[in-house]
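Using the working numbering, the first residue of the sequence shown is number 56, and each one after it goes up by one.
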Amino acid sequence: MRHYLVETESPPRVPPIGSPATLFLQRRFDRFVAKMRPYGIPLRVRLWNGFEAALSDEPRVTFTVPSPAALRRLLRPSLDRVGMAYVEADLEIDGKVTDVLQVAVRLATLGAMRRRRGPRMFRHTRAVDSEAIRYHYDVSNEFYSLWLDRNLVYSCAYFRTPQDNLDDAQIQKIDHILTKLRVQPGDTLLDIGCGWGALIVRAVQKYGAKALGITLSRNQYELARERIAAAGLADRCEVRLEDYRDVTGKFDRIASVGMFEHVGLRNLRTYFSKIRDLLKDDGTVMNHGITAGDPDSSESPLGAGEYIERYVFPHGELAHISRVLHEMCAAGLEPIDVENLRRHYALTLTRWSERFEANSQKLREISGDKRWRIWRVYLAGCAFGFAQEWMSLHQVLAVKTGASAAALPLTRDYMYRATS
């Protein structure tokens, strides 16, 4: 596409169409360009009437605005508004997705919406949580297979070096968790939010555990069952379509990976209390999940949290690590080890976004244009957000309060033994 710059000493104007509303919008656009251009944002805005305005001498991104209504949304920029305009086809975007994110963040930073919104405190019930999980995960297994690793692990990977491939990094993450938990042959393991079953299969095959995984996603449940049967592990490995609140029994080891974000801030203590009840007195639990960057557990800034809640994770809520530790302790669990894997998740999301972009045509065909746009923005945006410390990822290893932790080594050396 051929571009040109608008060279003018004064802010370029939308050619008047005559109505008072359009003239008012014209003046607002003039002010917007005048405000943004000194910052050198590499963006060109192309309006429905053919008019263009460049906000820098070297724009790398073009926003094509198809209507006055769409322009009004752009003139009050936030990541949610820009993302919503793109998802709803009120905005067409040309440019590399990484450049687009940088432009959108610059616009939102300079725009009016600068504050973080406080925690939403949604009401979580079995029905609400089940619906939210189905919305996010029951897209299609083929959709996820085009950008996840070969085992369909949809959580933060563990990179020994930045050059590690995604398949290896995800196996390293699973081994890192199971090693931290000190899973031994014959141990009973519960995986809360087991996804497509990669962790429970690994726990049985490599560590000799007897494993149970639970999920609320039927797509995940059905594929996990197929994988367990194909591996000949049905006598030692089971997956159930079940809410964590309904699980009974006692387990030597419990893993919760990328699940507690769906629990809700109001329910964290209930959640950790349930885990404590399911854990044997000498057992260990690992909670691996996304945490808020803000100490008050407020949403991600610049409208990013609103976009995620609107389109990706309905009713998802993030707690700061300080709140996570507080709620764990109040529920009767003693945190033994805490590890921040934020940089690992930034790498993971970057890899996912790159694979998503590489398979864009196929993903768009199988998911539809709107869902493709939602996920394109989400993956690239989250990679940026983790790199900027808007969000984090923590692994917390814990035991029951009052239980002897003497069986655990005094140092962290055991966590890094060879696991090949």
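Every residue, glycine too, gets a C-beta built ideally from N, C-alpha and C. Predicted model, so just to flag it, every value in this text is computed and none were measured.
Taking the Cβ atom as the reference point for each residue, do residue i and residue j lie within a distance shorter than 8 Å?
i      : j      : result
Ser111 : Pro123 : no
Val259 : Ala279 : no
Met341 : Leu236 : yes
Trp445 : Ser352 : no
Arg273 : Lys455 : no
Thr270 : Tyr262 : no
Leu288 : Val256 : yes
Asp307 : Ala462 : no
Ile309 : Leu245 : yes
Arg365 : Asp135 : yes
Leu165 : Arg127 : no
Leu357 : Ala125 : no
Leu102 : Val120 : yes
Ala401 : Ala442 : yes
Tyr209 : Lys228 : no
Met470 : Thr234 : yes
Cα separation between residue i and residue j?
i      : j      : result
Arg86  : His343 : 46 Å
Ala264 : Ala286 : 15 Å
Ile226 : Leu396 : 15 Å
Tyr141 : Tyr362 : 11 Å
His399 : Val155 : 23 Å
Val432 : Gly248 : 25 Å
Phe118 : Ala109 : 10 Å
Leu452 : Leu146 : 45 Å
Ala284 : Asn196 : 18 Å
His317 : Val367 : 12 Å
Ile429 : Val137 : 12 Å
Gln416 : Cys211 : 25 Å
Arg115 : Gly150 : 6 Å
His370 : Ile148 : 28 Å
Lys425 : Val152 : 16 Å
His179 : Asp219 : With a pLDDT of 47 at His179, under the threshold of 50, the predicted position of this residue should be treated as unreliable, though the coordinate-derived value follows. One C-alpha to the other measures close to 38 Å.
Val100 : Val312 : 42 Å
Ala438 : Asn322 : 27 Å
Ile232 : Val160 : 34 Å
Thr303 : Lys90  : 60 Å
Ile421 : Phe198 : 7 Å
Ser185 : Arg82  : Reliability of the predicted coordinates at Ser185 is poor, the pLDDT of 49 falling under 50, and no value is obtained from them.
Arg467 : Val393 : 11 Å
Glu409 : Val194 : 20 Å
Gly105 : Ala224 : 47 Å
Cys384 : Leu333 : 16 Å
Leu296 : Arg378 : 29 Å
Ala187 : Asp298 : In this prediction, Ala187 scores a pLDDT of 47, lower than 50, which makes its location untrustworthy; no coordinate-derived value is stated.
Pro464 : Gly387 : 21 Å
Gln157 : Leu221 : 25 Å
Thr339 : Gly95  : 53 Å
So residue i packs on residue j, CB below 8 Å; how close in whole Å?
i      : j      : result
Leu418 : Trp407 : With a Cβ gap of about 12 Å, Leu418 and Trp407 do not count as contacting.
Leu404 : Leu434 : 6 Å
Ala359 : Gly440 : 6 Å
Opposite residue i in the DSSP bridges: which residues?
i      : result
Arg426 : For Arg426, which the question treats as bridged, DSSP gives no partner whatsoever.
Ser415 : Answer is none; Ser415 lacks a bridge partner.
Cys292 : Ala266
Asp149 : Thr117
Asn342 : Ser311, Val451
His375 : Ala347
Glu107 : Arg101
Pro123 : Answer is none; Pro123 lacks a bridge partner.
Pro390 : Ala453
Thr243 : Lys265
Met446 : Ala347
Phe306 : Leu334
Asn395 : His449
Is it the case that the segment 365-385 contacts the segment 346-354, given that we only count it when at least three CB pairs across the two stretches are under 8 Å?
yes
Does the segment 199-214 touch the segment 248-257, meaning 3 or more C-beta pairs lie closer than 8 Å?
yes
Would you call the segment 130-144 in contact with the segment 316-326, where contact means no fewer than 3 C-beta pairs closer than 8 Å?
no
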